[in-house]
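Sequential numbering from 221 applies to the sequence shown in our numbering.
For reference, the structure is listed below as structure tokens.
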Amino acid sequence: QVQLVESGGGLVQAGGSLRLTCAASGSISRLGGMGWYRQAPGKQREFVASITIGGSTNNANSVKGRFTISRDNAKNTVYLQMNSLKPEDTAVYYCNVYSGTYSRTYWGQGTQVTVSS
């Protein structure tokens, strides 16, 4: 199995920055794409950004120009650099990864990001 541990969430003022980290462990020999989703209170989980093993990225329109996803394949880690944060970015952020070994997607436990106005 694959375990994901997220870190880096917290409370920040609008306009500030945070960097989220998600490290994969366990059966990590065939990891594929990695990504970030978020879920605000009372809302459905929504896509934020994704990155392939080759480094191609895709971002949600709401975060383009502000958030940057990256990964370190040697460390089996994905990052989300969040700049120019807005109160509407407040949510629990979840990372995920596709495992080629198990042909399924694994999710982290989530990390809270709160942006105050």
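Where a beta carbon is used, it is the ideal one built from N, C-alpha and C, also for glycine.
Starting from residue i, trace the beta strand (DSSP E) in both directions and tell me its first and last residue.
i, result
"Gly230", "Gly230 to Gln233"
"Asn316", "Ala311 to Ser319"
"Gly255", "Leu251 to Gln259"
"Arg286", "No beta strand (DSSP E) contains Arg286, which DSSP labels as neither H nor E."
"Asn296", "Element bounds for Asn296: n/a, residue is neither H nor E."
"Tyr322", "That residue, Tyr322, is in no beta strand (DSSP E); it is neither H nor E in DSSP."
"Gln223", "Val222 to Ser227"
"Asn278", "Thr277 to Asn279"
"Ser245", "Leu238 to Gly246"
Using the Cα positions of residue i and residue j, report the straight-line distance between them to the nearest angstrom.
i, j, result
"Gln221", "Asn316", "13 Å"
"Lys284", "Asn303", "10 Å"
"Ala294", "Ser337", "38 Å"
"Asn281", "Tyr313", "17 Å"
"Ala243", "Thr331", "13 Å"
"Gly253", "Val268", "14 Å"
"Ala260", "Glu266", "9 Å"
"Ser270", "Leu238", "17 Å"
"Arg324", "Arg258", "19 Å"
"Ser245", "Gly236", "30 Å"
Relative to the alpha-carbon of residue i, which residue among the options has its alpha-carbon at the smallest distance?
i, options, result
"Ser319", "Thr241, Ser247 and Val232", "Ser247"
"Gly255", "Val232, Gln332, Leu240 and Ala234", "Leu240"
"Thr321", "Arg250, Thr277 and Ser290", "Arg250"
"Ser276", "Arg291, Leu305, Tyr326 and Ala234", "Arg291"
"Val232", "Tyr326, Glu308, Gln329 and Trp327", "Glu308"
"Thr334", "Leu224, Ala234 and Thr297", "Ala234"
"Ala311", "Ser227, Glu226, Asn296 and Lys263", "Lys263"
Rounded C-beta distance between residue i and residue j? I'm assuming under 8 Å.
i, j, result
"Tyr326", "Leu224", "6 Å"
"Asn279", "Phe287", "6 Å"
Considering only their Cβ atoms, is the gap separating residue j from residue i smaller than 8 Å?
i, j, result
"Glu226", "Gln329", "yes"
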